[in-house]
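In my numbering, the protein residues as written are 1 to 224. Read the structure below first, then the notes.
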Ligand SMILES: [Fe+2]
Ligand SMILES: [Fe+2]
């Protein structure tokens, strides 16, 4: 069984995987920053971005609820679903504050909504397909959450820096802390159940990177 805490070099697998994720996504940093720098100063556009993030957080919490409802559902999973729902609420609150009006998850209030939904659905489909039926019932939930958290952490850190540079009052500090905790929790739980395969996780992260690039292109197109 592999542990999330150790690999042959004694270094935490997760620390190594995070460093690798940073390096693999280096080429997207400038593109993501320039997108954010175009959006943040424009309140109408910015409200739609925040609302899209709210929708993604809501989809995340909904997916956990839809798949994790057995009698054995544990406290960490309930905490996870509660925090993702809280993130959706927080982003919705910030979006409406920015727009000065109520916002829905209808296309006119979102940015590249079809691509945002597709990002989530394609990632989930490929993880479920790859894991097949001979695995722990929790494994797709744990892998999907772990892979998404790599991106959430990476994106929210860039976004937080951009908000600071723009002198924007919104703070992502608490949210980033919770996403970091989710990431560690998912990796540890996968390791504990013996389902953490480093090779598989890296393959999923490679596929996720392609899906993120597609979403990034769609967001650039929607804001051009
Ligand atoms: Fe979240
Ligand atoms: Fe999370």
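Don't be surprised by glycine CBs; every beta carbon is placed ideally from N, CA and C.
I'd like the span of the alpha helix (DSSP H) that includes residue i, first residue to last.
i: residue 73; result: Taken as a continuous stretch (DSSP letters only), residue 73 belongs to no alpha helix (DSSP H), as it is neither H nor E.
i: residue 57; result: 43 to 67
i: residue 159; result: 139 to 165
i: residue 212; result: 198 to 223
i: residue 25; result: Here residue 25 belongs to no alpha helix (DSSP H), and DSSP marks it neither H nor E.
i: residue 115; result: 113 to 131
i: residue 178; result: 173 to 192
Evaluate residue i with the Cβ neighbour count: other Cβ atoms within 10 Å of its Cβ, from every protein chain shown; 16 or more gives buried, anything less gives exposed.
i: residue 108; result: exposed
i: residue 43; result: exposed
i: residue 16; result: exposed
i: residue 37; result: exposed
i: residue 226; result: Any property of residue 226 remains undetermined from this structure, which presents the chain solely from 1 to 224.
i: residue 60; result: buried
i: residue 198; result: exposed
i: residue 192; result: exposed
i: residue 83; result: buried
i: residue 189; result: buried
i: residue 208; result: buried
i: residue 225; result: Outside the displayed range of the chain (1 to 224) lies residue 225, so it cannot be described from this structure.
Would you kindly check if the distance between the Cβ of residue j and the Cβ of residue i is under 8 Å?
i: residue 143; j: residue 179; result: no
i: residue 94; j: residue 170; result: yes
i: residue 183; j: residue 149; result: yes
i: residue 166; j: residue 40; result: yes
i: residue 92; j: residue 51; result: yes
i: residue 32; j: residue 111; result: no
i: residue 45; j: residue 119; result: no
i: residue 58; j: residue 99; result: no
i: residue 146; j: residue 186; result: yes
i: residue 70; j: residue 213; result: no
i: residue 68; j: residue 77; result: yes
i: residue 124; j: residue 173; result: no
Please indicate yes or no: does the CB of residue i lie closer than 7 Å to some heavy atom of ligand 4?
i: residue 100; result: The ligand content of the structure shown is limited to ligand 1 and ligand 2, which means ligand 4 is not among them.
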